[in-house]
Ligand code: SF4
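Residue numbers (our numbering): 857 to 1323.
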């Protein structure tokens, strides 16, 4: 296939072109059968994988699993080499890949919640595939396919207003700051830019006009809109499949694909857990994710664990302690990385959540006067909700994403709302959030060799208690 033959389905498997390819090529019964045409393409366009048979997908089912695998490894495997999956970015895989996209959507919708880690891996991998495919095109063709795909996505609207993208803006996929606006309209094309700002730029040299347009808009804004609309449509598509699956039976081969995907993700998670468990490889000595060290807790946290009195109990434990303990154990770098993540991104099987985080929160609830869950058992559900697992009695992966993982309160907020917990010491003067206090003290205590093993011991005790 040459580049001019590629149509919108290469970037957007949900386009009319993608739908056509799906209907012409789908045969659910054979998705795990060896596919000679696919093997021939992989042998022709795959790079550096011929020495290892396991790297060559031989059926559409295997190709679908590789589609998630490559993204997972790119995110978590420090030794990852993108060339191992180069066939995904070659036009010749196009039709097989469109089918795999739809197979994966079915498999994920049948097995997981639409907010689950697996669903997010699917959405994010689609975004990365689009970016990488665009990056590998020559400029002329890249602009051509972006214009065509975007026209179809926007139903050939001639004047795009920011209100047309309200769903993308409200879900924070696009910020208004990314867009160049004039009277509510989004300026996308160079001609519109010249016309709209005619009086401001009429004395400018041609080169300057082009360079300012490219700086403010150019193809980067079109590509951002295009990519995020496709991701949003993919999210909607998954929700629709899930609704349909509630009333129809899933095909046994799709069920098999779900199971194979689950097995592969489990293997990958275990293999790369060193990177995954420490916050996707972002951590450093100062704020890395590791066993909790009680010696480094700030006074407000110690006071909450020791027992708070009625009046403050609920907010102190549900709002303050739950987020502090969970982030300090799993993702202490939250404010530095400024990235929205979920607990399962850093604790994939929720083992740490059950064995190390919830026991401390339960201990604080038990020590409260009177014990929190005795007269207010519904607060257990609120704790689960603040961990990002919706309004349920315990955290379950399938419910993740129904609520947000609540970030730790700042000292300023604690002083206003939970003033009786704040008894600042000398170290408090240097920080603005109990989480920063914890990272700083932990680092200091380690440096001074003053950490003992109580943290490890206490977590072992809780492990036992939990069994
Ligand atoms: S200053 Fe901040 S960290 Fe220190 S006790 Fe008060 S709320 Fe806690």
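Each residue gets a CB set at the ideal place from its N, CA and C atoms; glycine is no exception.
Beta bridge counterpart(s) of residue i as assigned by DSSP
i            : result
residue 1261 : 1243
residue 1042 : 1037
residue 1017 : 1041
residue 1225 : 1165
Cβ-heavy atom distance, residue i to the ligand SF4, below 6 Å
i            : result
residue 1348 : No statement about residue 1348 is possible, as the shown extent of the chain runs from 857 to 1323 and does not include it.
residue 1155 : yes
residue 1264 : no
residue 956  : no
residue 1293 : yes
residue 1290 : yes
residue 1204 : no
residue 1280 : yes
residue 1270 : yes
Status (buried if at least 16 other CB within 10 Å, exposed otherwise) for residue i
i            : result
residue 1225 : exposed
residue 1218 : buried
residue 938  : exposed
residue 900  : exposed
residue 886  : exposed
residue 1063 : exposed
residue 1084 : buried
residue 1173 : buried
residue 992  : exposed
residue 1159 : buried
residue 952  : buried
residue 864  : buried
residue 1102 : exposed
residue 1189 : buried
residue 1091 : buried
residue 958  : buried
residue 867  : buried
residue 1133 : Unreliable placement is indicated for residue 1133, whose pLDDT of 36 sits below 50; the coordinate value is still reported in the next sentence. Buried, because 16 or more other Cβ atoms sit within 10 Å of the Cβ of residue 1133.
residue 874  : buried
residue 1241 : buried
residue 1243 : buried
residue 1139 : For residue 1139, the predicted model reports a pLDDT of 40, less than 50, meaning its position is unreliable and no value from the coordinates is stated.
Cβ-Cβ separation, residue j to residue i (assumed contact under 8 Å), whole Å
i            : j            : result
residue 1023 : residue 1257 : Not a contact, Cβ separation roughly 17 Å.
residue 1154 : residue 1290 : 5 Å
residue 1054 : residue 932  : Rounded, the Cβ-Cβ distance is 50 Å, inconsistent with contact.
residue 1199 : residue 1186 : 6 Å
residue 1110 : residue 966  : 6 Å
residue 963  : residue 1114 : 4 Å
residue 987  : residue 927  : Contact flag wrong, Cβ pair sits at about 11 Å.
residue 839  : residue 1046 : In this structure the chain extends from 857 to 1323, so residue 839 is not present and cannot be described.
residue 1284 : residue 1293 : 6 Å
residue 1010 : residue 1016 : 6 Å
residue 1043 : residue 1049 : 5 Å
residue 1034 : residue 1080 : 6 Å
Short CB-CB distance (under 7 Å) between residue i and chain D
i            : result
residue 1233 : Checking the listed chains, one finds no chain D in this structure; it contains a single protein chain.
Distance cut-off 6 Å: residue i Cβ against heavy atoms of the ligand ZN
i            : result
residue 1006 : The ligand ZN is absent from the structure shown, which contains only the ligand SF4.
- Task: For the stretch 1047-1125, list the alpha helix (DSSP H) runs that are entirely contained and at least 4 residues long, ordered along the chain.
- Result: 1054-1057, 1062-1072, 1074-1101
- 4 or more residues per run - each alpha helix (DSSP H) lying fully within the stretch 1175-1212: 1178-1186, 1190-1193, 1199-1202
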